[in-house]
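Some notes on the structure that comes next.
Residue numbers (this note's numbering): 4 to 408.
The structure is reproduced here in structure tokens:
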């Protein structure tokens, strides 16, 4: 019974965290940027190590924008002149930049090299957009993103849609980003809160790039690291859901585990690093008190919830060990079934939201309903890898998608 009691206590603490955050989110008020130009000079930065299979579709989608971006303002970052990506970039009369510091592996270091090179050449832009090589942009992407720029937001990200949606696995993986953007970030907009960047598809105001003279975020999750930085310094951020771009998701469990383990390790490293300075910042009556508290809390509610459920589950297993009976097995089976059905329900809600923007076949929908709960539980596997394995570097994900029509 002690295990059940502790489990219930952990679940209650998770509930209290959520209640506290709900009321705390209202305490945000930003000072927006004022130095916005009517026709900003835009740079596009694309880290693209061995991405010749997918890079051209992104470059074509940039050329087809309603808001035209000069080809000379596009910079594709490679690691060798021999990379087949180079010929494709030349074909579209865009710039390629060959990295020199190849011992520095993360995407953040690739961005640092190109930004520092541009700064040395006194090339500065009003806006810097960052994309992955496998992204594809909707034709009005920049047109919609500029609405946020003119509204005074220093950083903004677009709507991350699924590029490969013909199988249940990548759709299940994609629901994670949908949850971050369409649930977490959309809710944050109601209270002028800081968003959490996930991946690419965002811009940074040139004012900050010029101040830094570099790209200062180099962790395994430079997107989350920068989100914490913007929150700490009260920099205005926004989510523009009309600006759609497509992103590819892993199609195998092993690739997904490698990717998510790296994310979790990067998340934990940055969260631990930023908690202390953010707590200190709270004493200075910041404009974004609610966002600071939310970032400080981080995944604590989820951790307490998971620990609570695990304690209940382990207590049930312990009872089975001492009381081998059909009744005990029945209670354990019911417990697991209830958890699974609750996750199916959550998946169903997310799918209903996704279907407003994305068409999925019935077979994929059914596959996601069945598999996504298992995918969510597998985060425990990823978490264990993240905290036990020291070296979690970037691992290439094979591209298997067909071109978007």
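The C-beta atom is built at its ideal place from N, Cα and C for all residues, glycine as well.
What you are looking at is a predicted structure, and each value in this text was computed from that prediction instead of being measured.
Check for me: the alpha helix (DSSP H) holding residue 243 runs from which residue to which? The residue you call residue 243 lines up with position 240 of the chain shown. No alpha helix (DSSP H) contains residue 243, which is instead part of the beta strand (DSSP E) from 240-250.
Measure from the alpha carbon of residue 141 to the alpha carbon of each residue in 69, 365, 277 and 151, then state which is nearest. Counted from its first residue, the chain shown places residue 141 at position 138. Here the closest residue by C-alpha is 69.
Using alpha carbons as the reference points, say which of 239, 190 and 316 lies closest to residue 333. For the purposes of this step, residue 333 is taken as the residue at position 330 of the chain shown. Of the candidates 239, 190 and 316, the one whose C-alpha sits nearest the C-alpha of residue 333 is 316.
Residue 175 beta carbon less than 8 Å from that of residue 347: On the chain shown, position 344 is the one that residue 347 refers to. On the chain shown, position 172 is the one that residue 175 refers to. No, they are not a contact pair.
Does the distance from the C-beta atom of residue 242 to that of residue 160 stay below 8 Å? Looking up residue 242 in the chain shown gives position 239. Looking up residue 160 in the chain shown gives position 157. In contact: residue 242 and residue 160 (Cβ atoms closer than 8 Å).
For residue 341 and residue 258, what's the separation of their Cα atoms in angstroms? As a position in the chain shown, residue 341 is number 338, starting the count at 1. As a position in the chain shown, residue 258 is number 255, starting the count at 1. Those two C-alpha atoms are separated by around 29 Å.
State the start and end residues of the unbroken beta strand (DSSP E) segment that holds residue 208. As a first step, residue 208 is located in the chain shown; it is residue number 205 there, counting from the start. Residues 205-208.
Of the residues 193, 148, 290 and 201, the one placed nearest residue 223, counting alpha carbons only: For the purposes of this step, residue 223 is identified with residue 220 of the chain shown, where counting begins at 1. Taking only the C-alpha atoms, the option nearest residue 223 is 201.
Alpha carbon to alpha carbon, what distance is there between residue 19 and residue 288? In the chain shown, residue 288 corresponds to position 285, counting from 1. In the chain shown, residue 19 corresponds to position 16, counting from 1. Answer to the nearest angstrom: the Cα atoms are 24 Å apart.
Put residue 412 into one of helix, strand or coil per three-state DSSP. The question about residue 412 has no answer, for the chain in this structure spans 4 to 408.
Considering only C-alpha positions, which residue in the set 137, 278 and 277 is nearest to residue 203? Against the chain shown, residue 203 aligns to sequence position 200. Checking every option, the nearest Cα to that of residue 203 belongs to 137.
Does the region 165-181 come into contact with the region 350-357, if we say contact requires no fewer than three beta-carbon pairs (one atom in each stretch) closer than 8 Å? yes
Would you list the one or two residues that DSSP bridges to residue 162? Residue mapping note: residue 162 aligns to position 159 of the chain shown, counting from 1. According to DSSP, which records beta bridges pairwise, residue 162 is partnered with 247.
In angstroms, rounded to a whole number, what distance separates the CA positions of residue 41 and residue 153? As a position in the chain shown, residue 41 is number 38, starting the count at 1. As a position in the chain shown, residue 153 is number 150, starting the count at 1. Whole-angstrom Cα-Cα distance: 8 Å.
Quick check: residue 80 and residue 58, are their CB atoms within less than 8 Å of each other? Mapped onto the chain shown, residue 80 falls at position 77. Mapped onto the chain shown, residue 58 falls at position 55. Cβ atoms of residue 80 and residue 58: not closer than 8 Å.
With a threshold of 7 Å on Cβ separation, who are the neighbours of residue 376 within its own chain once the five nearest residues in sequence on each side are excluded? As a first step, residue 376 must be located in the chain shown, where it is residue number 373. If we look at residue 376 and ignore the five residues flanking it on each side, its Cβ neighbours are 343, 346, 347 and 350.
So, for residue 277: in the same chain, excluding its five sequence neighbours on each side, which residues have a beta-carbon less than 6 Å away from its beta-carbon? Here residue 277 refers to the residue found at position 274 when the chain shown is read from its first residue. Within the same chain, residue 277 has close Cβ partners 231.
Just to confirm, are residue 30 and residue 293 a CB contact at a threshold of 8 Å? One-based indexing of the chain shown puts residue 30 at position 27. One-based indexing of the chain shown puts residue 293 at position 290. Their beta carbons are under 8 Å apart, which means residue 30 touches residue 293 by this criterion.
Does the region 182-199 come within contact of the region 253-272, defined as at least 3 CB pairs closer than 8 Å? no
Top-ranked residue by Cα proximity to residue 37, from 155, 98, 73 and 11: Position 34 of the chain shown, counted from the first residue, corresponds to residue 37. The candidate whose alpha carbon is nearest that of residue 37 is 155.
From 199, 338 and 244, residue whose alpha carbon lies closest to that of residue 299: Counted from its first residue, the chain shown places residue 299 at position 296. For the residues 199, 338 and 244, the minimum Cα distance to residue 299 belongs to 199.
Fully enclosed by the region 83-156, which alpha helix (DSSP H) runs are 4 residues long or longer? 88-94, 110-123 and 144-153
Helix, strand or coil for residue 46 per DSSP? Here the question's residue 46 lines up with position 43 in the chain shown. Here residue 46 sits in strand by DSSP.
Report, in whole angstroms, the separation of the C-beta atoms of residue 361 and residue 165, which I expect to be a contact under 8 Å. What you label residue 361 is simply residue 358 of the chain shown in a count that begins at 1. What you label residue 165 is simply residue 162 of the chain shown in a count that begins at 1. Yes, they are in contact, since the Cβ atoms of residue 361 and residue 165 sit about 6 Å apart, within 8 Å.
Grab the span of the alpha helix (DSSP H) containing residue 365 for me, first residue to last. Numbered from 1 along the chain shown, position 362 holds the residue referred to as residue 365. It spans 365-380 - the alpha helix (DSSP H) in which residue 365 sits, taken as one unbroken run.
Could you check if residue 183 is buried or exposed, using at least 16 other CB atoms within 10 Å of its CB as the buried criterion? Start at 1 with the first residue of the chain shown, and residue 183 comes out as number 180. So residue 183 ends up on the buried side.
May I have the straight-line CA-CA distance separating residue 94 from residue 74, to the nearest angstrom? Position 91 of the chain shown, counted from the start, is the residue given in the question as residue 94. Position 71 of the chain shown, counted from the start, is the residue given in the question as residue 74. So the two alpha carbons sit approximately 11 Å from each other.
One question on the structure: do residue 64 and residue 87 come within less than 8 Å of each other, judged by their Cβ atoms? For the purposes of this step, residue 64 is taken as residue 61 along the chain shown, with counting starting at 1. For the purposes of this step, residue 87 is taken as residue 84 along the chain shown, with counting starting at 1. Cβ atoms of residue 64 and residue 87: not closer than 8 Å.
Applying the 10 Å Cβ sphere with the 16-neighbour rule, what's the burial state of residue 283? Translated into positions along the chain shown, residue 283 becomes position 280. The residue in question, residue 283, is exposed, as its Cβ has fewer than 16 Cβ neighbours within 10 Å.
Please report the distance separating the alpha-carbon of residue 84 from that of residue 239. Along the chain shown, one-based indexing puts residue 84 at 81. Along the chain shown, one-based indexing puts residue 239 at 236. If I take the Cα positions, the gap works out to 38 Å.
DSSP on residue 212, reduced to helix/strand/coil? As a first step, residue 212 must be located in the chain shown, where it is residue number 209. In the structure shown, residue 212 sits in a helix (DSSP, three-state: H, G or I).
What's the gap between the Cα of residue 367 and the Cα of residue 172? For this step, residue 367 is matched to residue 364 along the chain shown. For this step, residue 172 is matched to residue 169 along the chain shown. About 9 Å.
Output needed for residue 310: all residues of its chain with C-beta closer than 7 Å, excluding positions within five of it in sequence on either side, in chain order. Along the chain shown, one-based indexing puts residue 310 at 307. Answer for residue 310: 13, listed in chain order.
Residue 139 versus 304, 380, 252 and 8, residue with shortest Cα-Cα distance: By one-based count along the chain shown, residue 139 stands at place 136. Of 304, 380, 252 and 8, the residue nearest in Cα terms is 252.
Closest residue to residue 208 among 76, 158, 52 and 135 (Cα-Cα distance): What you label residue 208 is simply residue 205 of the chain shown in a count that begins at 1. If we check each option's Cα against that of residue 208, 158 comes out closest.
So the candidates are 163, 235 and 307; which of them puts its Cα closest to the Cα of residue 248? As a first step, residue 248 is located in the chain shown; it is residue number 245 there, counting from the start. Of 163, 235 and 307, the residue nearest in Cα terms is 163.
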